[in-house]
Structure formats: structure tokens, C-alpha cells
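To start, the structure under review is shown below, and the notes come after it.
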């Protein structure tokens, strides 16, 4: 691996909705560092992958990686304001059971399906059944969110992951119910491997960006600096 090259593992959604909007900042700060982004929703064993660092959603300990920092996230329904206007309802007054739900096939078992979210907020089985009967389902969560942005229906949303779209008003939160899973977004590196100088620069930068999410209730947890 070229010393000034950093191979980064992320999910498709994290790459598209969180990392890409912030990437120009890192590149301006470190123009000499080459980035190789490998987006994949399937779990990757860092002991055998050609990755220097990854952002993983889950709950440690991880057999193949150590977490250097993490950020909490909160799950709630989201949709386009255009859809709400079309249906003549407000984000606060919308009945989630009467809105068109967009479903996702879950590649990672730690992700939250509609049924689990509904159970956590006390909505019972009705919402899960509605999601099972959804007329629109995707095998990638990033496509689910894009469909919501396009006004096709309601997606499961994440406060940190979709912070840009929520802040810019391209997505609206439905209701006040929210679930905070035990799983978090973790910055991880392969076990038994010390990060290069370039990798450390990326880790420091993304850790600082995670700290920014504390303003959103992200509850950031950072480990001591690498030695």
C-alpha cells in the first residue's frame, strides 16, 4: 500500500449521505493523501481485507477490528416535505400507519427494520405488517432513502446518517417517536495493524466530524489518542 494512500471501508448509505458531502473538507486539508473508498453493505473482515480504516455500524467488541471512536444515532421515520404537502398533512400530525412505507432488505442484522422500530415505540405489529406489504422495496438502504427524497414514501431515517438532508429540509422527520439502538457508528482499524500517518490523519478528521454530531444528540465516544 502506498504510504499516502488510505483505503476506507464504508456502507453505501454512509458514503453517499454522510461522507461524500464532507469529503471536500478533508481533501482541502490533506491534498497529498490519496483516498480509495470501498462502499459495501456486506460485513467485511478487516483481518483479510485491503482496508486501512472502516466506519462500521455495530456493537463491539469486534473480532477483526478495534474501535477508536464512535457516534450514537437515533432512528425515526422520514419522508420528503413534498409528499407531506401532497397528502395534506404535517410532520407532527401525520399518522405513520396511513403513509406509504418504503421497505429495505437488511444485509446487516444490526440494522433496524420497521417491525423492530414499531415494537420499540409501542406501535405493535400493525406497522411491521404494513412494511411487509409495501409496494416499494429495495435491497440497498441508500436506494430506500433516495426514493424517500424523491417523494415515493416514508423511509426509516437516522438523525446522524441523514443529518445533511434533514438540516437542508430535503427530508422531514415524521412524529416525535425515536429509537436509540445500542449499536453505534464506529471508526475501526484492523487488529494488530498500526495506522499509517495518512490513515491517522483521516481518523483524526472523521473523529472531529463525529464530535460535530454531538450537537445533534449524537453522543460521541472517543478513545485515547493512538500511540
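Numbering (the numbering used here), first residue to last: 58 to 284.
Backbone N, C-alpha and C fix where the C-beta goes; we use that ideal spot for every residue, glycine too.
Bear in mind that the values here come from a model prediction, so they are computed numbers and not experimental data.
Within a 10 Å sphere around the beta-carbon of residue 207 sit fewer than 16 other beta-carbons, which makes this residue exposed. At a cut-off of 4 residues, the continuous stretches assigned as alpha helix (DSSP H) that sit fully inside the region 77-120 are 77-86.
Three or more pairs of CB atoms, one per stretch, sit closer than 8 Å, so the region 132-140 contacts the region 208-218. In the three-state reduction of the DSSP assignment, residue 260 falls in the helix class. Inclusion of residue 236 and residue 133 in the CB contact set at 9 Å is warranted, their separation being smaller than that value. By the Cβ-count criterion, residue 147 is exposed, with fewer than 16 other Cβ atoms from all chains shown falling within 10 Å of its own Cβ.
For residue 131, the closest alpha carbon among the candidates 119, 61, 262 and 233 is that of 233.
A distance below 6 Å between beta-carbons, with the five flanking residues on each side excluded, links residue 162 to the following residues of its chain, in chain order: 196. Taking C-alpha positions only, residue 254 is separated from residue 61 by approximately 8 Å.
Non-local C-beta neighbours of residue 238 in its own chain, meaning closer than 8 Å and more than five positions away in sequence, comprise 130, 132, 167 and 169, ordered along the chain.
Taking each of 159, 218 and 220 in turn and checking the Cα distance to residue 192, the smallest one comes out for 159.
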